[in-house]
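Residue numbers (the UniProt record's numbering), protein chains in the order written: chain A, 1 to 440; chain B, 1 to 298.
Idealized CB from N, CA, C, for every residue including glycine.
These figures come from a predicted structure and were not determined experimentally.
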Ligand code: SF4
Ligand code: SF4
């Protein structure tokens with residue numbers, strides 16, 4: 001039923017950063033800080049010593065086994081500091097690239113194992129915010145031969161427009177990337193899911209599909225509702241309900257597809273990505289291609305600083321992002337935006353008793369009853385927590401957003417998941433706090 | 001001196017947990033909006049019966065808020081008379097009691113509503129039975145001589161074969177204020193339901209079930225609707241947040257079950273009492289309904 005759809009229509013404020021829909025590179029930062037753990041899994045191991053000279057794209061930290069990802073120098077210059085947590089580089093301003101990062105001959109017909117190797121060598125991780133190493137995600141599905149690849153271009157988080165800009169400007173590259181991903185995973189079909197508030201992107205991608213003649217890629221228009229970009233919601237909207245359990249799907253972000261394209265075509269490692277710098281407090285909100293490791297300070301300074309004092313500065317969107325305590329925090333691979341929230345979006349009111357209004361139930365995309373769940377968690381009632389299926393919560397934050405009594409529902413739910421189910425396993429952004437925690 | 005854009009960059013921020021923003025919709029705002037939904041009815045009441053409406057309003061609201069204040073004061077709790085819940089409960093209370101209720105009975109009833117019905121259970125959101133209805137039952141039991149005859153005697157249009165159209169808009173001789181104008185309540189309720197301040201599932205299923213059942217049994221629907229404040233109960237009392245189920249399926253079942261109970265009780269309890277008892281029974285069944293109506297994924 002359409003009227004009673006779950007999820008919420010959030011005010012999106014995407015227009016803020018779309019004033020200039022260009023695809024530009026940001027100026028090189030003077031320093032970059034590269035945390036060794038920018039992904040889920042084990043941290044990388046440094047390969048360089050302090051004082052060494054590196055070129056852009058050189059591997060400076062190697063993946064520790066398979067459950068990890070390489071890290072590359074994002075500027076050319078000198079290594080200034082190597083610690084167990086991060087490597088700091090000073091840029092020489094010349095931006096000399098490694099010699100082997102050039103267009104490969106016959107890149108369109110790269111073989112399957114070669115593509116996988118390129119992805120691993122480039123240190124690719126999921127760019128949608130989760131930061132799960134891409135090669136691992138591919139390996140998981142190649143074993144059980146995947147049927148459908150879904151490229152997630154939803155970007156249901158408000159404020160962020162990084163994927164929009166990418167689809168708007170780099171549609172051909174994304175389609176090639178999707179082709180490579182299909183080749184590795186063995187998927188027969190690819191769906192690009194795009195929310196209906198980005199009709200421009202849908203048009204552009206459709207025309208490029210026709211241009212390139214990729215018959216096995218289709219565009220799926222999905223309703224703009226938060227959390228449309230979560231895996232479970234995407235599956236629900238893209239696959240008809242009768243064979244939802246049989247179809248094996250692989251979900252990747254469009255930004256990842258673009259990075260795959262670059263990794264295969266140029267052997268270019270993941271050293272830069274589109275980041276949205278936005279919010280009502282930024283002077284010139286826009287999307288720029290930032291080098292990984294640029295500090296939030298430099299990134300915001302590129303956009304001319306703060307217009308007025310923000311109350312919170314967030315990596316990622318306001319629903320699931322991570323708030324910064326200071327602006328020296330570097331941009332890591334999964335960060336798709338910096339949002340500077342103004343006072344008027346934040347309700348500092350204190351927690352009041354629950355009035356059982358049912359708003360949390362109505363907005364929960366997983367059909368849970370958060371009100372009963374938090375009661376169960378607070379009373380340490382294991383039976384209630386099990387009966388109401390806490391494990392299905394994807395930590396989207398809808399319930400806490402709408403709660404009129406300001407109850408920190410999401411914090412309580414996360415805590416409950418920790419105590420009853422150990423590590424949070426089915427969640428949208430559970431590991432993200434870990435990834436950003438390495439702040440020098 | 002105002003800071004320049006670059007100087008502002010030096011600041012630090014408190015670390016918070018996601019979600020970092022909030023809809024900024026608060027519960028007291030919500031209660032006041034529902035109160036606003038009753039405004040058309042209250043206005044009509046004032047026009048039709050200025051004296052009684054004002055008398056009831058002033059006595060009920062003043063003593064209700066005072067009772068709320070005193071209770072919080074003596075229990076050293078936070079004073080919450082401005083959150084609108086007590087006001088709403090007092091308002092609903094005067095809409096369901098007979099309009100000729102003497103002032104001392106009104107005050108006593110309101111004390112019962114606020115102290116025993118709401119505060120004793122732990123305040124807004126905690127009570128199991130709708131306090132206004134509890135107050136009504138309390139009055140009807142304690143002052144059976146003064147209150148009950150009014151509630152029971154009224155059956156609209158027993159003499160006339162054709163019910164005049166204006167009766168839907170105002171009934172001058174209705175025993176309770178809530179009964180005076182079904183259309184006014186309907187308008188307020190529909191607006192609130194459209195904006196999702198009231199979950200539309202409960203009123204919709206309740207009214208639909210009532211219509212179908214009445215057709216099956218062979219009761220005259222217009223008479224049923226005009227003699228009972230059905231719209232008021234469907235939109236404002238049955239879907240009351242604290243006492244009705246929270247799951248969406250539970251809300252649908254609650255509407256249907258309430259219609260069943262109402263027609264069942266109606267055979268020997270006339271008037272508003274049948275409605276009140278059926279809603280109270282649904283209130284009692286709420287935890288059960290919630291438990292069995294939850295969505296379970298295998
Ligand atoms: S949204 Fe908040 S107040 Fe409403 S039922 Fe859920 S927890 Fe209670
Ligand atoms: S955080 Fe969990 S419980 Fe809350 S709305 Fe999202 S899925 Fe539902």
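The Cβ atoms of residue 398(A) and residue 349(A) do not sit closer than 9 Å to each other. Contact check for residue 158(A) against residue 365(A) fails: the beta carbons are separated by 9 Å or more. With fewer than 16 other CB atoms across the displayed protein chains lying within 10 angstroms of its CB, residue 83(A) is exposed.
Around the beta carbon of residue 104(B), a 10 Å sphere encloses fewer than 16 other beta carbons of the protein chains shown; the residue is thus reported as exposed.
Rounded to the nearest angstrom, the gap between the Cα atoms of residue 32(B) and residue 173(A) is 54 Å.
Boundaries for residue 165(B): no alpha helix (DSSP H) harbours it, and the DSSP string shows neither H nor E there. Taking 8 Å as the Cβ-Cβ cut-off, the stretch 239–266 of chain A has no residue approaching chain B. In terms of Cα proximity to residue 356(A), the closest of 272(B), 293(B), 286(B) is 286(B).
Annotation for residue 68(B): 81, 86, 114 place their beta carbon closer than 6 Å to its own, counting only its chain and skipping 5 residues before and after. Beta-bridge pairing by DSSP links residue 226(A) to 8(A). Chain order gives the chain A residues near residue 246(B) as 356, 358, 361, 369, 371, where near means a beta carbon separation below 7 Å.
Within chain A, no C-beta atom comes less than 8 Å from the C-beta of residue 168(B); the nearest is roughly 27 Å away. When beta bridges are read from the DSSP output, residue 290(A) appears opposite 273(A). Comparing C-alpha distances from residue 32(A) to each of 418(A), 56(A), 177(A) shows the shortest one belongs to 56(A). According to the DSSP secondary-structure assignment, residue 221(A) is paired through a beta bridge with 194(A). Comparing alpha carbon positions, the residue from 147(A), 374(A), 367(A), 153(A) closest to residue 129(A) is 153(A). Looking only at 353(A), 11(A), 17(A), the smallest Cα-Cα distance to residue 338(A) is reached by 17(A). Rounded to whole angstroms, residue 14(B) and residue 332(A) show a C-alpha spacing of 21 Å. In this structure the stretch 198–213 of chain A does not touch the stretch 373–387 of chain A; the number of beta carbon pairs closer than 8 Å is below three. One alpha carbon belongs to residue 385(A), the other to residue 417(A), and they sit about 9 Å apart.
Cβ atoms of residue 69(A) and residue 46(A) stay farther apart than 8 Å, at about 14 Å. With a cutoff of 9 Å on beta-carbon distance, residue 58(A) and residue 73(A) are scored as near each other. Around the beta carbon of residue 29(B), fewer than 16 other beta carbons sit within 10 angstroms, so the residue counts as exposed. Within its own chain, the residues whose Cβ lies closer than 7 Å to the Cβ of residue 61(B), once the five positions on either side in sequence are excluded, are 87, 90, listed in chain order.
Boundaries of the beta strand (DSSP E) harbouring residue 78(A): 77–82, taken from the DSSP string. By the Cβ test, the stretch 262–273 of chain A is in contact with the stretch 283–296 of chain A, since at least three Cβ pairs between them sit closer than 8 Å. Counting only residues of its own chain and dropping the five nearest sequence neighbours on each side, residue 285(A) has a CB closer than 8 Å to the CB of 16, 17, 19, 276, 277, 278, 279, 303.
Look at the stretch 13–35 of chain B: the residues with a C-beta under 9 Å from a C-beta of chain A are 13, 14, 15, 16, 17, 18, 19, 20, 21, 22, 23, 24, 25, 26, 27, 28, 29, 30, 31. With a 10 Å radius around the Cβ and a threshold of 16 neighbouring Cβ atoms, residue 75(B) comes out exposed. Three or more beta-carbon pairs separated by less than 8 Å are not found between the stretch 75–89 of chain A and the stretch 245–256 of chain A, which leaves the two stretches without contact.
Residues are counted here when their Cβ sits less than 9 Å from a Cβ of chain B; for the stretch 321–333 of chain A these are 321, 322, 323, 324, 325, 326, 327, given in chain order.
In the structure shown, residue 253(A) adopts extended strand secondary structure according to DSSP, grouped into three states.
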